[in-house]
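Engineer: In the numbering used here, the protein residues as written are 9 to 275. Pasting a structure below so you can have a look.
Given below as structure tokens:
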């Protein structure tokens, strides 16, 4: 697992999407700093922010300790990813300066208070979830295109297309569950107690284009769902046509048997 602890001047905040959900119950007393999100002390200077939608965000946690934390969380991860989705950002601590986004993408903070880091961790964790779904949807669209071309050419759905429909349905279900849990448009709970940090979150929300990316995913999910519906209708139509031919075949057989009995009556 690649880890970048950063330097003493510019530490790194690192988000790892580990799976569909992370069960945090029972971890509240292990170096607890805050509950929303669950914030725990790691070692002497490190912090980890745990989000129930499957993301762990590390700050000033060495590689070995990060791997230990991830390993300790494995039994709590629902539907873990084979390869975690990773997002990270450099933190520039500038005492007395305003919290802002730097031109090269780093985040300048007035201090390294848990509250400020929670705000950045929240935005970074949401960006990691969105990045994962964006790559999933891109792969789905790559597979939908030949399906559409095949339907246009042959006017019917083959067996491979039906298998693809099942996979697309699984993707839709997973994405709806994960994106629904993340609640991209909801602001961090810490802002209720620290409203002065709302400007920092607004800047991060704009920098990572959280709302725009979330709405784009929603539109694409709608399109995938519509594609699934259309193909399922085609499958049902094909089955209906086959059933009609079976019925016609049985009627023809019955007519032929009746004609045979009339032509060659049994005495």
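Virtual Cβ for every residue (Gly too), placed ideally from N, Cα, C.
How would you write the range of the alpha helix (DSSP H) that residue 78 sits in, first residue to last?
Structural biologist: Looking at the DSSP string, the run of the alpha helix (DSSP H) that includes residue 78 is 71 to 81.
Engineer: Looking at the secondary structure, which residues open and close the beta strand (DSSP E) in which residue 192 lies?
Structural biologist: No beta strand (DSSP E) contains residue 192, which DSSP labels as neither H nor E.
Engineer: At which residues does the beta strand (DSSP E) containing residue 42 begin and terminate?
Structural biologist: Segment 40 to 42, the beta strand (DSSP E) holding residue 42.
Engineer: Identify the continuous beta strand (DSSP E) that holds residue 210 and give its terminal residues.
Structural biologist: Per DSSP, residue 210 belongs to no beta strand (DSSP E); it is in the alpha helix (DSSP H), 206 to 215.
Engineer: What did DSSP end up calling residue 36 once you bin it into helix, strand or coil?
Structural biologist: Three-state result, residue 36: coil.
Engineer: With 16 as the cutoff for other CB atoms within 10 Å, does residue 121 come out buried or exposed?
Structural biologist: Residue 121 is exposed by the Cβ-count criterion.
Engineer: Pull up the CB-CB distance for residue 18 and residue 100, whole angstroms please, since I reckon it's below 8 Å.
Structural biologist: Contact holds; Cβ gap of about 6 Å.
Engineer: Counting only beta-carbon atoms, is residue 24 nearer than 8 Å to chain C?
Structural biologist: Note that chain C does not occur in the displayed structure, where there is just one protein chain.
Engineer: Alpha carbon to alpha carbon, what distance is there between residue 132 and residue 142?
Structural biologist: Approximately 15 Å between the Cα atoms of the pair.
Engineer: Do the CB positions of residue 64 and residue 26 come within less than 8 Å of each other?
Structural biologist: Yes, the pair counts as a contact, with Cβ atoms nearer than the cut-off.
Engineer: Going along the chain, which residues of its own chain have a beta-carbon closer than 8 Å to the beta-carbon of residue 205, five neighbours each way excluded?
Structural biologist: Hits under 8 Å: 107, 123, 124, 127, 198, 199.
Engineer: Apply the 10 Å Cβ neighbour rule to residue 203 and answer buried if 16 or more other Cβ atoms are within range, or exposed otherwise.
Structural biologist: Exposed is the call here.
Engineer: Taking the C-alpha atoms as reference points, what is the distance between residue 75 and residue 238?
Structural biologist: When rounded, the distance between both Cα atoms is 45 Å.
Engineer: Rounded to the nearest angstrom, how far is the Cβ of residue 35 from that of residue 48, given a contact under 8 Å?
Structural biologist: Yes, they are in contact, since the Cβ atoms of residue 35 and residue 48 sit about 7 Å apart, within 8 Å.
Engineer: Out of curiosity, what's the CA-to-CA distance linking residue 60 and residue 258?
Structural biologist: Cα to Cα, residue 60 sits roughly 58 Å from residue 258.
Engineer: Do you know how far the Cα of residue 135 is from the Cα of residue 231?
Structural biologist: So the two alpha carbons sit approximately 22 Å from each other.
Engineer: Taking only three categories from DSSP, how would you classify residue 30?
Structural biologist: Strand at residue 30.
Engineer: Give the C-beta separation of residue 45 and residue 24 to the nearest angstrom, bearing in mind that I take them to be a contact with Cβ-Cβ under 8 Å.
Structural biologist: The pair is not a contact, with the Cβ atoms about 14 Å apart (cut-off 8 Å).
Engineer: Among the candidates 42, 28, 56, 32, whose CA atom is the shortest distance from the CA of residue 5?
Structural biologist: A query on residue 5 cannot be resolved here, the shown segment of the chain reaching from 9 to 275 and no further.
Engineer: Considering only residues of the same chain and omitting the five flanking positions on each side of residue 68, which have a CB-CB separation below 6 Å?
Structural biologist: Excluding sequence neighbours, residue 68 sits near 19, 53, 54.
Engineer: Less than 8 Å between the CB atoms is what I'm expecting for residue 137 and residue 113, so what's the real figure, rounded?
Structural biologist: With a Cβ gap of about 19 Å, residue 137 and residue 113 do not count as contacting.
Engineer: To which residues of the same chain is residue 93 closer than 7 Å at the C-beta, ignoring the five residues directly before and after it?
Structural biologist: Hits under 7 Å: 25, 136, 139, 140.
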